[in-house]
Every structure is written in structure tokens, then in C-alpha cells.
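Under this note's numbering, the residues of the sequence shown are numbered 13 to 149, in order.
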Amino acid sequence: MSQSTMMQVTLRLPAMTLHQGPASRLFAVAENGAFGMLPNHIDFVTALVPSVLILTLADGEEQIFGIDEGILVKKGHQVEIAIRRGVQGTDLASLKETVQRNFIAVDEDERVARSALARLEAGMVRRFADLQRPKTP
């Protein structure tokens, strides 16, 4: 692997790409603790935990993201990050509010969907039980 001052970082959600572009540094939190990464870091794969991900761009500007669990794969100068949920923020205070607002709304939607699915499953079980009962003449 050649020496480089930049790495290409792609941050993906299930339905879209949240960020794509060069970065000179990356800070993230894995299951075994926080870590920093430079472009010539050794290749590896790690599971990310809900936390703040910070990218330092070529011009020195920092971009911050509130992320949910995911996985980071570094190979050469390419870093691919796939996360379940994520939002970009301008500063930590606004990021906290955005994360709470967006993630709590999604959690509520998931709770409603799980409840509806449980009712459908219970209805199917009742119908199958009705089909298995012998009919009396």
C-alpha cells in the first residue's frame, strides 16, 4: 500500500449514502473502545456502537455524525461504513438534539410496526388452530 494523506470514506445508511468523500482522519467508537484512523492505518474490520463519528476533511474542517450500530471496513485507502441509522450535525449540542429527535421517532415507528406484526401473527395462529379443529356435524 502506498503512503497517502487522504482516504476515501463512504458512510452508508440502508436507503442512502450519508457521506462520501476524502478525509485525512477518522474518529469512531467500536465495541472495544474509541479509536482514531489515519489514511495509512492497517486494514481491518470492526463493529461500531451508537456514538459520534468524526471525519476531518482535506481542508481541516470536521464533520460530525451521530450513528447507530454498524460496521466499518478499511481496505487500502477506502473506508466503507454501513450503519443502521445516522444523522449529520454541525456541532455536538445540535447533534444531540437531532439524534434524539430522529432516533426516538424511528424507535416509536418500529414499536408500532412490531405491535401490528404481533397482532397479525396472533390472528394467523388462531386461524390455523380453527382449521385444525374437527368440525362437528
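Each residue gets a CB set at the ideal place from its N, CA and C atoms; glycine is no exception.
query: For S16, name the three-state secondary structure that DSSP assigns.; result: coil
query: Just to confirm my understanding: we take V41, look at its own chain, exclude 5 residues before and 5 after, and list those with CB closer than 6 Å. What are they?; result: V61 and S63
query: Alpha carbon to alpha carbon, how far is T29 from I79?; result: 13 Å
query: Does the distance from the C-beta atom of P26 to that of A70 stay below 7 Å?; result: no
query: Taking R24 and I93 to be in contact with their CB atoms under 8 Å, please state how far apart those CB atoms are, rounded to whole angstroms.; result: 7 Å
query: Could you pull out every unbroken beta strand (DSSP E) segment of at least 3 residues lying fully inside the region 32-95, listed in chain order?; result: 37-42, 45-49, 56-60, 63-68, 74-79, 82-87 and 90-95
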